[in-house]
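Start counting the sequence shown at 24; every next residue gets the next number (this note's numbering).
Using N, Cα and C, we set each Cβ at its ideal position, and we do this for glycine too.
Data first, discussion second: the structure below is written as structure tokens.
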Amino acid sequence: HQHAGYQRSSPGVKKRQQAVVGFLEANRILFEEVDITMLEDQRLWMYRNIPEEKHPGKGNPLPPQIFNGDEYLGDYEDFFQSKENNTVFSFLGLNSDPTVQVRRTHTHTHTHTHTSAGIRL
Numbered sequence: 024h025q026h027a028g029y030q031r032s033s034p035g036v037k038k039r040q041q042a043v044v045g046f047l048e049a050n051r052i053l054f055e056e057v058d059i060t061m062l063e064d065q066r067l068w069m070y071r072n073i074p075e076e077k078h079p080g081k082g083n084p085l086p087p088q089i090f091n092g093d094e095y096l097g098d099y100e101d102f103f104q105s106k107e108n109n110t111v112f113s114f115l116g117l118n119s120d121p122t123v124q125v126r127r128t129h130t131h132t133h134t135h136t137h138t139s140a141g142i143r144l
């Protein structure tokens, strides 16, 4: 499953989350959004599974963070680069008919069914 974690914070974070989710929805990619503000274990899982080199000098990595199952794919900058380079499907670890799960910081979880691969935000 792919997922992206996010927290309610700055408007910039929300915009980035919406950009990722908008792309996934537009491309009919199945994803799961996970609210890391409400789920402490999910937040800790996300922090633990982001490689050390992706952690900022101070504080915790900001959402959205994108995973495919337990595999860390990257953050918004990585996602944006892959979109610019037209390599977003391979970035997400998907074939051309994908499924994604996205983890976000809302109190609700969306699941869109289409195929199977599992992206979490």
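Item                                                                                                                                                                                       : Value
Suppose contacts are defined by Cβ-Cβ distances below 8 Å. Is Y99 in contact with P87 by that definition?                                                                                  : yes
To the nearest angstrom, how far is the alpha carbon of E55 from that of G97?                                                                                                              : 16 Å
Please go through the same chain and pick out, in chain order, the residues whose beta-carbon is closer than 8 Å to the beta-carbon of P74, but skip the five residues on each side of it. : Y95
Would R51 pass as an interface residue toward chain D - the criterion being a Cβ-Cβ separation below 8 Å?                                                                                  : The displayed structure is made up of one protein chain only, and chain D is not part of it.
Given this structure, state the Cα-to-Cα distance separating T130 from P34, to the nearest angstrom.                                                                                       : Since pLDDT at T130 reaches only 36, below the 50 mark, its modelled position is unreliable, and no value is offered.
Is DSSP giving D98 helix, strand or coil here?                                                                                                                                             : strand
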